[in-house]
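Enquirer: Residue numbers 2 to 224, in our numbering, belong to the letters of the sequence shown in order. Every residue, glycine too, gets a C-beta built ideally from N, C-alpha and C. For clarity, every value in this text was computed on a predicted model and none was experimentally measured. The structure follows.
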Amino acid sequence: MNAASDAPVPPQPSPGRLRVAAVQMVSGTDVAGNLARAAALVAEAADAGAQLVVLPEYFCLMGRRDADKLAAAEAPGEGPIQRMLSRAARRHGLWLVGGTLPVSSAVPGRVFNRCCVHGPDGLEAVHYDKMHLFAFDNGRERYDEAAVLDAGDSPVALEAGAVRVGLSVCYDLRFPELYRALSGAPGQRACDLLVVPAAFTVPTGRAHWELLLRARAVENQCF
2 MNAASDAPVP
12 PQPSPGRLRV
22 AAVQMVSGTD
32 VAGNLARAAA
42 LVAEAADAGA
52 QLVVLPEYFC
62 LMGRRDADKL
72 AAAEAPGEGP
82 IQRMLSRAAR
92 RHGLWLVGGT
102 LPVSSAVPGR
112 VFNRCCVHGP
122 DGLEAVHYDK
132 MHLFAFDNGR
142 ERYDEAAVLD
152 AGDSPVALEA
162 GAVRVGLSVC
172 YDLRFPELYR
182 ALSGAPGQRA
192 CDLLVVPAAF
202 TVPTGRAHWE
212 LLLRARAVEN
222 QCF
């Protein structure tokens with residue numbers, strides 16, 4: 002895979018292959034500014050020949066506190082974040098894995114951390130709600146996603162052209178059973194590609210991120 006910033010113009014892809022761009026961005030508290038930056042990077046990736054683009058977890062908002070997610074939450078299929086994803090996918094004719102965004106759940110004051118995938122027609126093809134919620138408490142620092150998030154309950158994969166793509170988010174990476182379920186669902190072929198949009202912590206990211214990505218790929222014989 003080539004990052005959006007340095008991918009050369011590719012040759013025509015052969016059947017069963019997909020050129021992927023992994024967008025890296027540092028999001029802040031300004032949703033509109035984050036969306037504009039993401040749209041520009043998707044366009045850059047498309048110009049470099051990407052057919053599938055993956056945005057980071059919470060590309061749309063990196064809040065200062067858990068409650069910030071609630072203020073930016075959108076109803077399913079509605080709102081400026083989802084419109085931006087739809088328009089970008091349609092404008093560039095590509096598959097867009099929209100990192101994650103907060104989507105309202107049926108429980109007031111709670112949201113899903115949802116990964117929406119839009120196809121080249123701009124329509125939402127599938128969505129996945131993060132199943133494993135991160136929690137940490139060392140006596141000095143504390144973080145608990147379950148304070149405002151509802152967990153998803155189902156693995157999700159899709160056919161992006163001829164390539165089967167399994168969806169996951171950040172902390173999911175530590176749970177190999179999820180990826181085994183994605184790659185071994187009854188009546189479905191194994192995934193060719195696993196995507197893991199993430200906002201991993203710096204210490205654990207430095208120690209574990211690439212190692213765990215490689216482990217999940219090796220275990221499931223895919224990218």
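To the nearest angstrom, how far is the alpha carbon of K70 from that of L168?
Expert: Within the sequence shown, numbered from 1, the residue matching residue 70 stands at position 69. Within the sequence shown, numbered from 1, the residue matching residue 168 stands at position 167. When rounded, the distance between both Cα atoms is 21 Å.
Enquirer: Straight-line CA distance for E178 to G185?
Expert: For the purposes of this step, residue 178 is taken as residue 177 along the sequence shown, with counting starting at 1. For the purposes of this step, residue 185 is taken as residue 184 along the sequence shown, with counting starting at 1. Each residue's alpha carbon lies about 10 Å from the other.
Enquirer: Tell me the rounded alpha-carbon separation between P77 and S105.
Expert: For the purposes of this step, residue 77 is taken as residue 76 along the sequence shown, with counting starting at 1. For the purposes of this step, residue 105 is taken as residue 104 along the sequence shown, with counting starting at 1. Taken atom to atom, the span from the alpha-carbon of P77 to that of S105 is near 7 Å.
Enquirer: Would you mind listing the beta strand (DSSP E) stretches within the stretch 5-83 that are 3+ residues and don't spill past its ends, in chain order?
Expert: 21-23 and 53-55
Enquirer: Report the three-state DSSP secondary structure of A1 (helix, strand or coil).
Expert: Residue coverage of the chain in this structure runs from 2 to 224, which leaves residue 1 outside it and unanswerable.
Enquirer: Could you check where the alpha helix (DSSP H) with E142 kicks off and where it finishes?
Expert: Position 141 of the sequence shown, counting from 1, holds the residue named residue 142. Run containing E142: none; DSSP gives neither H nor E here.
Enquirer: What does the alpha-carbon distance come out to for the pair A208 and A200?
Expert: Residue mapping note: residue 208 aligns to position 207 of the sequence shown, counting from 1. Residue mapping note: residue 200 aligns to position 199 of the sequence shown, counting from 1. So the two alpha carbons sit approximately 14 Å from each other.
Enquirer: Less than 8 Å between C-beta atoms, sequence neighbours within five positions excluded: which residues of the same chain meet that for T30?
Expert: As a working note, residue 30 is residue 29 in the sequence shown. Around T30: L62, M63, G64, R65 and D69.
Enquirer: Can you tell me which residues form a DSSP beta bridge with L168?
Expert: On the sequence shown, position 167 is the one that residue 168 refers to. Per DSSP, V196.
Enquirer: Can you tell me whether H209 is helix, strand or coil according to DSSP?
Expert: Looking up residue 209 in the sequence shown gives position 208. Looking at H209 - three-state DSSP - the assignment turns out to be helix.
Enquirer: Quick one: grab the DSSP three-state call for N3.
Expert: Here residue 3 refers to the residue found at position 2 when the sequence shown is read from its first residue. Confidence in N3 is poor, its pLDDT being 40 and thus under 50, which makes the residue's placement too unreliable to answer from.
Enquirer: Between the alpha carbons of E220 and A148, how many angstroms are there, rounded?
Expert: By 1-based counting over the sequence shown, the position of residue 220 is 219. By 1-based counting over the sequence shown, the position of residue 148 is 147. Looking at the two C-alpha atoms, the distance is approximately 32 Å.
Enquirer: Distance, Cα to Cα, V203 vs W210?
Expert: Counted from its first residue, the sequence shown places residue 203 at position 202. Counted from its first residue, the sequence shown places residue 210 at position 209. Roughly 10 Å between the two C-alpha positions.
Enquirer: Could you tell me the distance, in whole angstroms, from the CA atom of V112 to the CA atom of V21?
Expert: As a working note, residue 112 is residue 111 in the sequence shown. As a working note, residue 21 is residue 20 in the sequence shown. About 29 Å.
Enquirer: So what does C117 bridge to, in DSSP terms?
Expert: Along the sequence shown, one-based indexing puts residue 117 at 116. Looking at the DSSP assignment, C117 forms a beta bridge with H128.
Enquirer: Kindly list the residues whose CB is nearer than 6 Å to the CB of D193, restricted to its own chain and excluding five residues on each side of it in sequence; keep chain order.
Expert: Here residue 193 refers to the residue found at position 192 when the sequence shown is read from its first residue. Around D193: V164, R165 and C223.
Enquirer: Give the single residue among Q52, A74 and R115 whose Cα lies nearest to the Cα of G99.
Expert: Counted from its first residue, the sequence shown places residue 99 at position 98. With distances taken between Cα atoms, G99 lies closest to R115.
Enquirer: How about F60 and L102: do their beta carbons lie closer than 9 Å?
Expert: In the sequence shown, residue 60 corresponds to position 59, counting from 1. In the sequence shown, residue 102 corresponds to position 101, counting from 1. Result yes, Cβ atoms of F60 and L102 sit closer than 9 Å.
Enquirer: When we look at the beta-carbon of D35 and count the other beta-carbons within 10 Å, is it buried (16 or more) or exposed?
Expert: The sequence position of residue 35 within the sequence shown is 34, counting from 1. The sequence shown places Asn at residue 35, not Asp. Answer is buried; the Cβ neighbour count reaches 16.
Enquirer: Just curious, the beta strand (DSSP E) that S105 is in, first and last residue?
Expert: In the sequence shown, residue 105 corresponds to position 104, counting from 1. First-last of the beta strand (DSSP E) with S105: L102 to S105.
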